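Numbering (my numbering), first residue to last: 1 to 243.
All residues carry an ideal CB built from backbone N, CA and C; glycine is no exception.
What you are looking at is a predicted structure, and each value in this text was computed from that prediction instead of being measured.
Structure, as structure tokens:
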Amino acid sequence: MFILMNFNRSTICLFAACLILSFSCSQKKSESALNTGNQLPLSADSLKEEYFNEDFSLLLRKYEDPTREYWQNPDLVIDKLGDFKGKTVADIGVGTGYFTFKIAPGAGKVIAVDVENKFLEYIEDRKFELGNSEIAQKIETRLCKPDDPLLSPGEADIALMVNTYHFIIGRVGYLKKIYNGLKEGGILLLVDFKAGEMSVGPPESLKILRNTALKEIIQAGFKITEVDTTSLQFQYIVKALKK
């Protein structure tokens with residue numbers, strides 16, 4: 001009886017040790033997913049399937065939710081762009097044009113860039129509903145590739161990426177293409193979600209840690225000029241300059 005009990009305890013201990021090891025490996029994989037430099041754990045097709053194959057009316061309600069005004073604070077984000085009067089702004093990962101339509105009145109031109117044509121069609125329809133042809137003509141929609149924003153060399157003065165970075169495949173290479181698409185002294189403003197469980201934003205496993213983003217931006221050739229982790233509740237803001 002004593003031998004049997006010892007055997008059972010040993011078996012239980014061995015089983016518990018296996019569970020702890022398995023959990024530890026899982027945690028390391030999760031941390032690695034947040035900190036890898038050039039790839040997300042999902043392919044571009046997987047991301048599109050998971051995030052964009054929803055009913056379009058649901059996506060519109062999500063991206064244009066009036067409560068977004070409170071946590072996104074678009075006026076603060078736009079203020080970080082500096083003086084963009086008469087300048088060309090590339091809004092990369094434009095979605096429904098949440099920022100494009102706010103920027104267009106003051107900009108010289110806004111290039112609304114996205115991989116999803118349905119967003120661009122929505123923007124095209126909406127810009128002519130504004131009743132202001134001058135503003136409508138400032139907005140150019142552009143269908144891009146998952147790994148390339150398709151900016152011409154030196155085309156833009158400013159590149160804005162809001163809630164987009166965690167979708168990018170081959171992030172450093174993508175940033176280099178943005179770098180090439182900017183004029184000398186051009187600005188990159190990147191806004192993305194902080195780590196931690198939140199009521200908004202992507203799953204935790206897809207978030208890009210702030211320090212990872214900073215390393216990648218520098219690796220792409222930019223000079224970091226501002227890092228703001230406090231102004232927005234759910235997001236960090238990084239401002240960088242084309243050297």
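When Lys-145, Asp-83, Lys-85, Ala-136 are compared against Asn-117, the one with the closest alpha-carbon:
Taking the sequence shown and counting its residues from 1, one reaches residue 117 at position 117. Closest option to Asn-117, Cα to Cα, is Lys-145.
Proximity winner among Tyr-63, Ile-217, Lys-85, Leu-81, relative to Val-94 (alpha-carbon distances):
As a working note, residue 94 is residue 94 in the sequence shown. If we check each option's Cα against that of Val-94, Tyr-63 comes out closest.
Which full runs of the beta strand (DSSP E) of 3+ residues lie inside the segment 66 to 149, going along the chain?
88 to 92, 109 to 114, 139 to 143
With a threshold of 16 other CB atoms inside 10 Å of the CB of Lys-242, please say whether the residue is buried or exposed.
Here residue 242 refers to the residue found at position 242 when the sequence shown is read from its first residue. Counting Cβ neighbours within 10 Å, Lys-242 comes out buried, since at least 16 surround it.
Unbroken beta strand (DSSP E) runs of length 3 or more, entirely within the segment 169 to 202: which are they?
The DSSP assignment places 182 to 193 as complete runs of the beta strand (DSSP E) inside the segment 169 to 202, in order along the chain (cut-off: 3 residues).
7 Å Cβ cutoff met for Lys-223 and Leu-189
The count along the sequence shown starts at 1 and reaches residue 223 at position 223. The count along the sequence shown starts at 1 and reaches residue 189 at position 189. No, the pair does not count as a contact, with Cβ atoms beyond the cut-off.
Does the beta-carbon of Ala-195 have 16 or more other beta-carbons within 10 angstroms, so that it is buried, or is it exposed?
Position 195 of the sequence shown, counted from the start, is the residue given in the question as residue 195. Exposed, because fewer than 16 other Cβ atoms sit within 10 Å of the Cβ of Ala-195.
Three-state secondary structure (DSSP) of Leu-160:
Counting from 1 along the sequence shown, the entry for residue 160 is found at position 160. Three-state DSSP puts Leu-160 in a strand.
Name the one or two DSSP bridge partners that Leu-241 has.
Translated into positions along the sequence shown, residue 241 becomes position 241. Paired residues: Ile-187, Lys-223.
Determine contact between the segment 120 to 136 and the segment 145 to 159, defined as no fewer than three beta-carbon pairs at a distance below 8 Å.
no
Would you report the Cα separation of His-166 and Gly-97, rounded to the nearest angstrom?
Residue 166 sits at position 166 when you count from the first residue of the sequence shown. Residue 97 sits at position 97 when you count from the first residue of the sequence shown. Approximately 18 Å, taken between the alpha carbons.
As assigned by DSSP and simplified to three states, the class of Thr-230
Here residue 230 is taken as the residue at index 230 of the sequence shown, counted from 1. Three-state DSSP puts Thr-230 in coil, outside helix and strand.
Do you know whose CA, among Gln-219, Arg-210, Val-191, Gln-235, lies nearest Gly-173's CA?
Position 173 of the sequence shown holds residue 173. Closest option to Gly-173, Cα to Cα, is Gln-219.
Among the residues of its own chain, which have a CB less than 6 Å from the CB of Lys-85, if the five just before and after it don't count?
Taking the first residue of the sequence shown as position 1, residue 85 is located at position 85. Gly-106.
Give the single residue among Ser-231, Met-198, Leu-143 whose Cα lies nearest to the Cα of Val-113.
Taking the first residue of the sequence shown as 1, we reach residue 113 at position 113. For Val-113, the nearest C-alpha among the options comes from Leu-143.
For Lys-207 and Asn-73, what's the separation of their Cα atoms in angstroms?
By one-based count along the sequence shown, residue 207 stands at place 207. By one-based count along the sequence shown, residue 73 stands at place 73. About 20 Å.
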